[in-house]
Structure formats: structure tokens, C-alpha cells
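Undergrad: Heads up: the sequence lines are chains R and V, in that order.
Those letters in the first sequence? Residues 3 to 319, per our numbering, in order.
Those letters in the second sequence? Residues 5 to 152, per our numbering, in order.
C-beta atoms are modelled at their ideal positions from N, C-alpha and C, and glycine is treated no differently.
For clarity, every value in this text was computed on a predicted model and none was experimentally measured.
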Amino acid sequence: MNRWIARWNAFWFPLTSTLPLAGARIVTVAAQLFWFGPNLATHINLATQNSHFSDPQPMIRLIDHLFPRHVFFSAGGLTTVWWVTTIAGVLALIGLRTRTALFVFALASWFWVSHGYSYADVHHREAPYALFMMALPFAPSGARLSVDALLRRRRGLPPVLSSDLALWPLRFGHVVLTMTYFSTGATKLLAGGFRWMNGYTLQNYVLSDAIDRHIPLGLWVAQHYWLCVALSVGTIVFELFYFVSLLLPRVAPLIFLGGVFFHIGLYYVAGHPFYQFILLNLIMFLFLDPDRIPGLLRRIDAALLGPGPEREAPQPG
Amino acid sequence: MREPKTWISVAILTVIALHALPILSYQGYRQTRWPILAWAMYAKSYPAGPVQTDRRRLVGVTAAGERIPINSVMAGVPQAAMGKAFIRPLMQGDSAAAKVLFGRLNRDRTDPVTEIQVEVELFEVTDTGLVTRKVSPVTYHDASAPTR
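#1: Is there a Cβ from chain R that is less than 8 Å from the Cβ of V63 of chain V?
#2: Could you tell me the alpha carbon to alpha carbon distance between S164 of chain R and L21 of chain R, rounded to whole angstroms?
#3: For chain V, check one thing: does any of its Cβ atoms lie closer than 8 Å to the Cβ of T186 of chain R?
#4: Along the beta strand (DSSP E) that carries H145 of chain V, what are the first and last residues, could you check?
#5: Find the residues of chain R that neighbour G32 of chain V, judging by a C-beta separation of less than 9 Å, and give them in chain order.
#6: For D58 of chain V, write down the residues that DSSP places opposite it in a beta bridge.
#7: Helix or strand or just coil, what does DSSP make of Y253 of chain R?
#8: Go ahead and pull the three-state DSSP assignment for V124 of chain R.
#9: Need the endpoints of the alpha helix (DSSP H) that V73 of chain V sits in, please.
#10: Leaving aside the five residues before and after Y270 of chain R along the sequence, list all residues of the same chain whose C-beta is less than 7 Å from its C-beta, in chain order.
#11: Is there a Cβ of chain V sitting closer than 8 Å to that of P318 of chain R, yes or no?
#12: With a threshold of 8 Å on Cβ separation, who are the neighbours of P171 of chain R within its own chain once the five nearest residues in sequence on each side are excluded?
#13: How is G79 of chain R classed by DSSP in three states: helix, strand or coil?
#14: Within this structure, are the beta carbons of V65 of chain V and T118 of chain V separated by less than 8 Å?
#15: Applying the criterion that 16 or more other CB atoms from any shown protein chain within 10 Å of the CB defines a buried residue, is M3 of chain R buried or exposed?
#16: For the alpha helix (DSSP H) containing M3 of chain R, list its first residue and its last residue.
#17: Could you tell me the distance, in whole angstroms, from the CA atom of P292 of chain R to the CA atom of Y277 of chain R?
#18: Please state whether the Cβ-Cβ distance between I295 of chain R and I280 of chain R is less than 8 Å.
#19: What residues are listed by DSSP as bridge partners for T66 of chain V?
#20: If you drop the 5 nearest sequence neighbours on each side, which residues of the same chain put their C-beta closer than 6 Å to that of L22 of chain V?
#21: Contact criterion: CB-CB distance below 8 Å. Does R152 of chain V meet it with respect to chain R?
#22: Rounded to the nearest angstrom, how far is the Cβ of V31 of chain R from that of G91 of chain R, given a contact under 8 Å?
#23: Of all the options V:I16, V:T57, V:R59, V:I74, which has the alpha carbon lying nearest to the alpha carbon of N110 of chain V?
#24: Counting only Cβ pairs nearer than 8 Å, list the residues of chain V close to L221 of chain R.
#25: Is S111 of chain R buried or exposed, if buried means 16 or more other CB atoms sit within 10 Å of its CB?
#26: If you draw a straight line from the C-alpha of M120 of chain R to the C-alpha of W84 of chain R, how long is it?
#27: Determine the direct distance from the alpha carbon of V73 of chain R to that of L17 of chain R, and round the result to whole angstroms.
#28: Could you pull the start and end residues of the alpha helix (DSSP H) that H226 of chain R belongs to?
#29: What's the gap between the Cα of Y43 of chain R and the Cα of G308 of chain R?
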């Protein structure tokens with residue numbers, strides 16, 4: 003038993019630099035704040051046009067149970083939540099009261115997605131990103147590249163350069179991504195065996211999406227049978243074997259980049275806006291391995307730490 | 005008090021274990037357990053045969069005779085839910101869905117929508133390229149509208 007616990011801890015909780023986590027926090031929050039953020043007018047329209055939720059998500063069910071509908075699901079209520087989201091996002095981005103701000107921001111972001119998906123329309127693109135975002139407050143995400151770190155330095159306290167809680171959110175994001183890809187690939191094979199790779203399946207899907215979304219490249223791809231055979235085999239191989247990135251850290255960066263290009267390809271051929279998956283793969287590529295932190299971040303961090311004895315903690319192994 | 009690593013470990017295991025729920029109790033495309041979802045999208049496979057699809061859109065005709073495309077904002081549902089909420093039911097002859105849609109469209113209109121049409125275009129990949137064909141629209145009239 004102790005051996006298993008030691009293995010578990012070695013995987014999730016090794017002593018790691020806090021810099022990658024800080025970088026991941028900034029990229030994640032900035033993207034959520036400026037790119038994936040809610041469209042307030044759309045949410046107000048949904049809440050005011052509908053008198054009830056046709057498919058309420060768990061968070062919405064809970065809120066709807068605890069509060070009268072007009073408290074949250076009115077123009078005033080939603081506008082208030084929008085401001086709370088924005089303020090928490092800005093604080094999480096600059097790293098002031100980082101962990102509290104991150105928690106509020108993640109919770110508020112869950113609220114918006116849950117609300118949007120409570121009217122007979124659920125998509126998968128936000129789920130792993132949302133889970134990853136919710137992990138960030140429970141790690142020292144504001145220990146570096148943050149106002150909190152500067153204030154700590156002003157008070158004469160030593161910086162938190164490394165922590166055994168600094169890697170688990172990134173590992174968690176990686177595991178969730180792996181689960182989702184494997185599940186997607188496996189269900190394709192379980193539903194129809196190898197027939198998913200017969201070319202006709204992908205032709206039908208791509209044609210349908212390309213017509214619906216006016217995508218010329220998709221129309222072209224849908225008319226090329228052998229190209230669709232090759233792309234469908236590539237899709238299954240990528241989804242089923244993404245987990246290799248968990249087992250072979252040296253190959254992992256290539257698989258993460260493969261993930262980025264896989265979703266970019268899906269976007270240009272079929273219009274699937276899996277931006278969160280692109281970003282999550284990119285975050286894994288940039289920050290999962292502490293040795294591959296972008297030089298720019300190192301320089302900013304060094305400038306914030308200022309002159310002194312503080313240097314990166316020695317890395318384990 | 006247990007250390008954070010224990011609680012975090014419990015949380016990680018819980019989230020991973022929860023992902024078995026949508027598999028054991030599959031809800032189809034109307035999932036209500038976000039962010040714990042089944043990942044069976046695009047799982048259906050097609051047999052060898054014609055590659056075809058259709059494009060459906062809703063058009064409203066007002067009392068003054070103007071034709072207006074009906075979008076998701078007017079219908080009060082997310083864009084991707086238009087099919088599930090209105091287009092598919094209307095194609096299947098669901099007049100209750102038409103009544104709801106008339107109500108939403110005419111809430112603030114001075115020139116009310118008195119007719120809703122579901123227009124369908126068929127597309128098929130052939131050896132000579134993409135072939136398009138129009139199908140006669142499914143039409144609904146607002147029973148509550150005054151007759152002209």
C-alpha cells in the first residue's frame with residue numbers, strides 16, 4: 003500500500019518550480035477573460051425569453067432551487083454576475099488575492115457555461131478546460147508572476163519558488179484530456195467497430211458540417227473519399243493513443259502539438275470551435291515540463307524577483 | 005486535520021470516478037451533468053453508400069408579406085439548439101413547437117409573423133460534384149393571427 007501511495011505522490015505531487023503553474027494561470031485566465039468569456043446580451047436573452055430551463059445543469063439546478071429565479075436569471079442578476087466574473091478574472095490575472103480570485107472566477111465561469119447549456123444545447127469544448135481552471139485555486143498559482151508575490155517580497159518574506167502542490171493542476175488537466183480523447187475514440191469503435199474508418203462516415207460528417215457552416219475546405223474534403231479514409235484513421239489513432247503522452251514524457255510535447263494541429267484542422271475543415279482544447283494542449287506543451295518554460299517568462303520572473311539570493315529550487319531527479 | 009494532498013487526491017479520484025456516471029447512465033445528446041459528460045460525439049458510423057446531407061432553415065412571413073430569416077436570438081435558444089428545439093419538431097409536425105415560436109417571434113413585433121416555413125435543401129456528393137435539390141417547405145400558420 004505504501005508503495006502505491008509513494009507512486010501516487012510521485013506522479014501528482016513532486017517538488018516542482020512554481021513558475022510553470024504561474025504561467026499556466028496567466029494564459030488560462032487571460033483566455034477565459036478575453037476570449038471565451040460570456041456574451042452578456044446572449045445570456046440575458048436566454049433567461050428572459052425562457053420561463054424555465056429545459057435541460058438544467060447541476061449548478062443551475064442548485065441555484066434555481068436556492069434562490070428565486072429573478073435573483074440570478076434576470077437582466078440585473080446576470081449583469082451583476084458578469085461584473086463579479088470580470089473583476090475576479092482581472093484579479094486572478096494580475097495575481098492579487100490570487101487563489102480566492104481564481105476560485106470565484108472559475109466558479110463564475112462554470113455558472114456561465116452551465117447557464118448557456120441549460121436550454122437543450124450541450125457541447126463538450128469547455129469541460130476539461132473548466133475542470134483545469136477549478137484546480138488552479140487549490141495550488142500555489144499566485145506564488146510567482148503576481149502582485150501577491152511582489153507584496154510578499156515587499157514584506158521581506160522569501161518567495162515560494164517551489165512546492166509539491168505546483169504540478170498537480172497541470173497533471174490533472176493532462177489526465178482529463180487523456181480521458182476525454184480516449185473516451186471519444188473508444189466510443190467510435192464501440193458504436194460501429196472499424197466502420198468509422200470506412201471513409202463514408204467522415205465524408206458524411208464533414209459534408210453536413212461544411213454545408214451547415216459554409217466551409218469551402220470542408221466541402222472539398224467531403225468530396226475526396228481516400229482523403230477521408232486517411233483522416234478518419236488518423237483521428238482514431240490520435241484519440242486512442244493520446245494516453246501515450248502520460249507514459250512517455252519525452253514524446254508528450256509532440257502529442258500535445260499534434261492535439262493543437264488536430265483541433266485547428268477540425269476547425270478549418272468542419273468548423274468545430276474546440277479552442278479550449280487547442281489552448282489546453284498548448285498549456286501542456288508550454289508548462290507541463292518545468293524544464294521547457296518559455297524564456298520570456300523566466301526573464302519576467304527574474305525581474306520580479308529582483309536581485310537577491312532567490313533562485314530556482316533544485317529540481318527533483 | 006489532514007494535509008491538502010489528501011483532499012486533493014480525494015478530489016482527483018472523485019472527478020475521475022464521476023466520469024463513469026455518464027457512461028453507466030447514458031443520457032444521449034441532452035446531457036444534464038456538465039462538466040461531467042459522456043464523450044460519444046460523432047460516434048455513429050455510416051455504411052458505404054450515398055454521401056448526403058441537408059440544410060434546414062426557418063423563415064417567417066409577416067402579416068405585411070415580408071420574409072425574414074428566423075435566427076436563434078429571435079427564437080430565444082442557443083444557435084446550436086435551434087435544430088433540437090424547433091427545426092426538428094417542426095419537421096415532424098409538432099404544432100406546439102410552432103405555437104411557442106410564434107409567441108416568441110411576435111412578443112415585440114408590430115408586423116407579426118403569421119407564417120413559419122421550414123426550408124430544406126438536399127446536398128449529395130456525386131462523381132460530377134456536389135448536387136443540390138430543394139424540397140417543398142413545411143409551413144405553419146399562426147392560428148391566433150387575425151385573418152386578412
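TA: This is what the structure gives:
#1: No, because no Cβ of chain R sits closer than 8 Å to the Cβ of V63 of chain V.
#2: 8 Å
#3: With a threshold of 8 Å between beta carbons, T186 of chain R makes contact with chain V.
#4: 133 to 145
#5: Neighbours of G32 of chain V on chain R: none; closest Cβ ~10 Å, over 9 Å.
#6: V:L126
#7: Reading the sequence as shown, one finds Val at residue 253 of chain R and not Tyr. Coil, per DSSP.
#8: In the displayed model, V124 of chain R falls within coil according to three-state DSSP, outside both helix and strand.
#9: The residue asked about is misnamed: residue 73 of chain V is Pro in this sequence, not Val. Premise fails: P73 of chain V lies in the beta strand (DSSP E), 71 to 73, not in any alpha helix (DSSP H).
#10: Excluding positions up to five away in sequence, the list reads L219.
#11: Low per-residue confidence applies at P318 of chain R: pLDDT is 46, beneath 50, and the placement is therefore not dependable, though the value from the model is reported in the following sentence. Chain V contact via Cβ: absent.
#12: Cβ-Cβ distances below 8 Å link P171 of chain R to L23, A26, F134, A137, L138, F140, A141, S143 in the same chain, with the five nearest sequence neighbours on each side left out; the list follows chain order.
#13: helix
#14: yes
#15: With fewer than 16 other Cβ atoms within 10 Å, it is exposed.
#16: M3 of chain R -> no alpha helix (DSSP H), and no H or E assigned at all.
#17: Rounded to the nearest angstrom, the two C-alpha atoms are 24 Å apart.
#18: no
#19: V:V117
#20: I40
#21: Low confidence applies to R152 of chain V: its pLDDT is 46, below 50, so where it sits in the model is not reliable enough to give any reading.
#22: 6 Å
#23: Nearest to N110 of chain V by C-alpha distance, out of V:I16, V:T57, V:R59, V:I74, is V:I74.
#24: L134
#25: buried
#26: Note on identity: in this sequence residue 120 of chain R is Ser, with Met being the wrong assignment. Going by the C-alpha atoms only, they are around 18 Å apart.
#27: Cα to Cα, L17 of chain R sits roughly 45 Å from V73 of chain R.
#28: Per DSSP, H226 of chain R belongs to no alpha helix (DSSP H) and is neither H nor E.
#29: Before going on, a small fix: residue 43 of chain R reads as Ala here, not Tyr. When the Cα atoms are used, A43 of chain R and G308 of chain R turn out to be separated by approximately 44 Å.
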